[in-house]
Amino acid sequence: MNKRKHLTSLITAGLVALALLVAACATPTPQVIEKEVVVEKEVPVTIEVEKVVTAIPLPPAPVTISFWHIYSEAEMKMLEDTLIPQFEAAHPNVTVESVQIPYQEFRRKLLTSIAGGSAPDLIRSDIIWVPEYGAMGALVALDVLMPDFQEYADAVFPGPLETNFANGHYWGLPLDTNNLVMVYNKAMFAAAGISGPPKTIEEFLAACEKIKTLGEGKYCYAKGDTSAWSMNPWIWRFGGDITDPGYTTATGYLNGPQTKAAYEFLKNLIDQGYMHPGILGGGVDEWGGFGNDEIAMIFEGPWFPTIFGAGEYGLALSPAGPGGPASVVGGEDIVMFEQSRHKEEAAEFIRFMLSEDSQVAMASVGQMPVLKTLADPGSPIDLDFYGIFLEQAKTARARTPHPNFTKIEEIYSLAGLSYFLGEKSFDEAFNPAVEKINALLAP
Amino acid sequence: MNISLRKQRILYAFIFILPGLLLYLMFVIYPILKAFQMSFYEWSIMPGKPNEWVGIGNYIRAFNDPVVRISLRNTFMYTLVTVTGQLILALIAALLMNYIIRGRTFFRTIYYLPVITSWVVVSLLFKYLFQSPKGVLNHILVNVLHLIAEPIPWLRYPSTAFIPIDALGIWKGIGWGMVIFLAALQTIPNELYEAAAIDGANAWQRLIKITLPLIRPTIVFLLVVLMIGGFNVFISVVLITDGGPLQRTEVILSYMYHQAFDFLDFGYGAAISFFLAAIIITLSFLQIRFLRRPAETS
Chain A
1 MNKRKHLTSL ITAGLVALAL LVAACATPTP QVIEKEVVVE KEVPVTIEVE KVVTAIPLPP
61 APVTISFWHI YSEAEMKMLE DTLIPQFEAA HPNVTVESVQ IPYQEFRRKL LTSIAGGSAP
121 DLIRSDIIWV PEYGAMGALV ALDVLMPDFQ EYADAVFPGP LETNFANGHY WGLPLDTNNL
181 VMVYNKAMFA AAGISGPPKT IEEFLAACEK IKTLGEGKYC YAKGDTSAWS MNPWIWRFGG
241 DITDPGYTTA TGYLNGPQTK AAYEFLKNLI DQGYMHPGIL GGGVDEWGGF GNDEIAMIFE
301 GPWFPTIFGA GEYGLALSPA GPGGPASVVG GEDIVMFEQS RHKEEAAEFI RFMLSEDSQV
361 AMASVGQMPV LKTLADPGSP IDLDFYGIFL EQAKTARART PHPNFTKIEE IYSLAGLSYF
421 LGEKSFDEAF NPAVEKINAL LAP
Chain B
1 MNISLRKQRI LYAFIFILPG LLLYLMFVIY PILKAFQMSF YEWSIMPGKP NEWVGIGNYI
61 RAFNDPVVRI SLRNTFMYTL VTVTGQLILA LIAALLMNYI IRGRTFFRTI YYLPVITSWV
121 VVSLLFKYLF QSPKGVLNHI LVNVLHLIAE PIPWLRYPST AFIPIDALGI WKGIGWGMVI
181 FLAALQTIPN ELYEAAAIDG ANAWQRLIKI TLPLIRPTIV FLLVVLMIGG FNVFISVVLI
241 TDGGPLQRTE VILSYMYHQA FDFLDFGYGA AISFFLAAII ITLSFLQIRF LRRPAETS
């Protein structure tokens, strides 16, 4: 340690001395000023040189664009081993640097890099972050940059496209979409004598009562937190919502009677011991519990079969309540950063990722495509696999697309937890939450 | 070049100090000053975007924020519990280690191992041990020892959520305190103990009358350093509870981190961090001022 310190000090001291020496040598001599006349005579020569330069076709300078994402291992393999080499073959001067970052780290890492002026060229962003980054001024408005933007906008599903819109511009294009369907454990259903997946929330509750009879440590349902991703589907199934359709107020929506019914339903599941207690703190390993026949039902997206692998489980539409069999829209958009120094090349990569070939390739590893044409009969993607998700997509909805979403979500996530823990009544928890959220929704 | 020897030596010293000084200014002093500046603004993380001056608004907000109060209380409690625990257990370990001759290196290594393990790895391990209802500790308490009938949901309530966090802090710190204590114990001349033994002092009296007074400077040093470490608790809290449930287990640094990096409130986060800095500086000053004897401060 000490030796290294000494060495560093010596080297740095040497460098400092060298810098001083260079500075001393560079002292200008006053005589140079008188020779300016000679320089003037050289002007015609410069013109000649210019002509020569324009005659030689310059090869495009090599460019590296960085692309940050949260792809799973199988998806990343497809991206790095198949798609990027194809793109690089078609654009020999461009190298794409693929960087995988875990979801929990992604936001913090990205914000640090933006603040430091070294944002990546492109990211595959959670749809819920795009309005915030767009409003912050971090992103390039793709509808301004790309002359052919409208072609792409017309080719993709309108729902996922809307997640890119904020402050009058489109800040990205959808890359993949998803939603959650019910995954049920066939062995536990058989043991409890449940004939099939519950189609309504009444049947869901009845299934929970039967699962409870299987004994200690068996749960019908599990969710590790009270985030928007976890709570919104239930709120919508009961006919409630977070805000009005124009995202201007939460009054009468987040604290409305339908939303209250949804939270009461879930609190009952927790209090009865139907639902895994991890939601109250400490979290829960949903997939582990599902695999060990401890959790009978979870809600998962199209990534589940590819990552979880084979097993005795079935996929079904979410149970329907007064608000229908609602689910939540997830997915990712591809967005470009204002700090990118290679915007044209980055736009080329966006076009490439939205091509039919790329979308089909990513679909083969569990990424639900966004091109309308790929949902048609005769499409090259596996419609048997995506059928249930395409069906659920009809009733899947987006979380509040607002630049303040992260703060809004934190507020009702905390309110929900204090209600579930029994520390506050629903009204005590949610009326103050609504006031705070209204302040954040105000323009 | 007619430079006196004295001047030459000063020049050399300066050249050798310069690199370290530059690094210190760049990576320690500059960020501190920058954060201090940020704490007076509604700071925008976009380079080149205007920042809104809010004066001491962020400090007033921190003063009135109930979660800051909870975080402060948690940070104080953590420091109190872990510093006391580490001091006592490290002293006991060092005393035992001082008596044994055979296997001393072995035990010293064993006790020191937790110190060099990664905070991230052991935090995740402790979270795993304290899982509910199917964590290892619950399994041992319920199914092996039959001490309790129902598994304890450790991470659900602040009162129990701090048990793994405190336990980790103490367990990880004992080895370091022990090494420092051991070094101090070995400087005490044996004659003092021999004289005390002749006077008929028992082991307890020897500890109270000889050992503790003589290692007093070490105790003060450890107290100050461990206290600063305690106030800086962060990784274990973020990884074991992440401040939850309901922000009840937030400590000052985790709350600051959430404000800055989750909600992009960098000005507010900076103000919270200066809150903590002011407390640490005051307490450290008071400790050194009142716990050290005049002869030791020089």
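As you go down the protein sequences, you meet chains A and B in turn. The working numbering puts the first residue of the first sequence at 1, with every later residue one more than the last. The working numbering puts the first residue of the second sequence at 1, with every later residue one more than the last. We put the CB at the ideal spot given by N, CA and C, even for glycine.
A straight line joining the alpha-carbon of Ile56 of chain B with that of Ser254 of chain B spans about 22 angstroms. Counting along the chain, no beta strand (DSSP E) covers Ser227 of chain A, and no H or E run does either. Closer than 9 angstroms to the CB of Met275 of chain A there is not a single CB belonging to chain B. Taking 9 angstroms as the threshold, the shortest C-beta distance from Gln205 of chain B to chain A does not fall below it. Proximity to Phe349 of chain A across A:Leu390, A:Pro62, A:Val94, A:Lys210 peaks at A:Val94, based on C-alpha coordinates. In chain B, no part has a C-beta under 9 angstroms from the C-beta of Thr251 of chain A; the shortest such distance is about 23 angstroms.
Around the C-beta of Met188 of chain A, 16 or more other C-beta atoms lie within 10 Å, and the residue is accordingly described as buried. Ile180 of chain B and Gln8 of chain B have their C-alpha atoms spaced approximately 39 angstroms apart. In this structure, Val54 of chain B sits near Gly267 of chain B, with a CB-CB distance shorter than 9 angstroms. Contact between the segment 257-275 of chain A and the segment 356-367 of chain A is absent, with fewer than three C-beta pairs closer than 8 angstroms.
Leu142 of chain A is positioned such that its CB atom lies closer than 9 angstroms to that of Gly172 of chain A.
A residue is called buried when at least 16 other Cβ atoms come within 10 angstroms of its Cβ; Ile235 of chain A meets this threshold and is buried. Between Trp176 of chain B and Ala90 of chain B, the C-beta spacing is below 9 angstroms.
Here the C-alpha atom of Gly422 of chain A lies approximately 24 angstroms from the C-alpha atom of Ala206 of chain A. For Lys49 of chain B, at least one C-beta of chain A is nearer than 9 angstroms to its own C-beta. Three or more beta-carbon pairs separated by less than 8 angstroms are not found between the segment 166-180 of chain A and the segment 190-208 of chain A, which leaves the two stretches without contact. Proximity of chain A to Ile45 of chain B at the Cβ level (cut-off 7 angstroms) is accounted for by Leu111, Ile114, Ala115, in chain order. Scanning the segment 308-357 of chain A from its first residue to its last, the whole alpha helix (DSSP H) runs of 4-plus residues come out as 343-353. Under the Cβ distance rule, Gly215 of chain A does not count among the residues neighbouring chain B, no pair being separated by less than 9 angstroms. For Gln131 of chain B, the C-beta contacts it makes with chain A under 8 angstroms involve Gly282, in order along the chain.
Taking 9 angstroms as the threshold, the shortest C-beta distance from Thr406 of chain A to chain B falls below it. DSSP places Gln100 of chain A in the uninterrupted beta strand (DSSP E) bounded by 94-100. Gln131 of chain B counts as buried, since no fewer than 16 other beta carbons sit within 10 angstroms of its beta carbon. For the segment 404-430 of chain A, the set of residues with a beta-carbon nearer than 8 angstroms to any beta-carbon of chain B comprises Thr406, Lys407, Glu410, Leu414, Leu417, Ser418, Leu421, Glu423, in chain order. Taking 4 residues as the shortest admissible run, the segment 275-311 of chain A contains the following complete alpha helix (DSSP H) segments, listed from N- to C-terminal end: 286-291, 303-308.
By the criterion of a C-beta distance shorter than 6 angstroms, Thr160 of chain B is surrounded in its chain by Trp154, once the five residues flanking it on both sides are discounted.
When C-beta atoms of the segment 405-414 of chain A are compared with those of the segment 224-232 of chain A, three or more pairs fall below 8 angstroms, so the two segments count as touching. Judged by DSSP secondary structure, Phe67 of chain A falls outside any alpha helix (DSSP H) and instead within the beta strand (DSSP E) spanning 63-69.
By the neighbour-count criterion, in which a residue is buried when 16 or more other Cβ atoms sit within 10 angstroms of its Cβ, Phe389 of chain A is buried.
By DSSP's assignment, Tyr221 of chain A forms a beta bridge with A:Met275, A:Met297. Taking a Cβ-Cβ cut-off of 7 angstroms, Gly224 of chain A has no neighbours in chain B, whose nearest Cβ is about 11 angstroms from it. Taking the beta carbon of Gly243 of chain B as reference, no residue of chain A falls within 7 angstroms; the closest one sits roughly 11 angstroms away. The way I'd put it, the segment 205-220 of chain B does touch the segment 183-196 of chain B; three or more beta-carbon pairs between them come closer than 8 angstroms. The beta-carbon distance between Gly330 of chain A and Ala222 of chain A, rounded to whole angstroms, is 18 angstroms. This is too long to meet the 8 angstroms contact definition. Annotation: Gly215 of chain A to Pro377 of chain A spans about 46 angstroms, alpha carbon to alpha carbon. The segment 4-18 of chain B makes no contact with the segment 246-259 of chain A; the number of CB pairs closer than 8 angstroms stays below 3.
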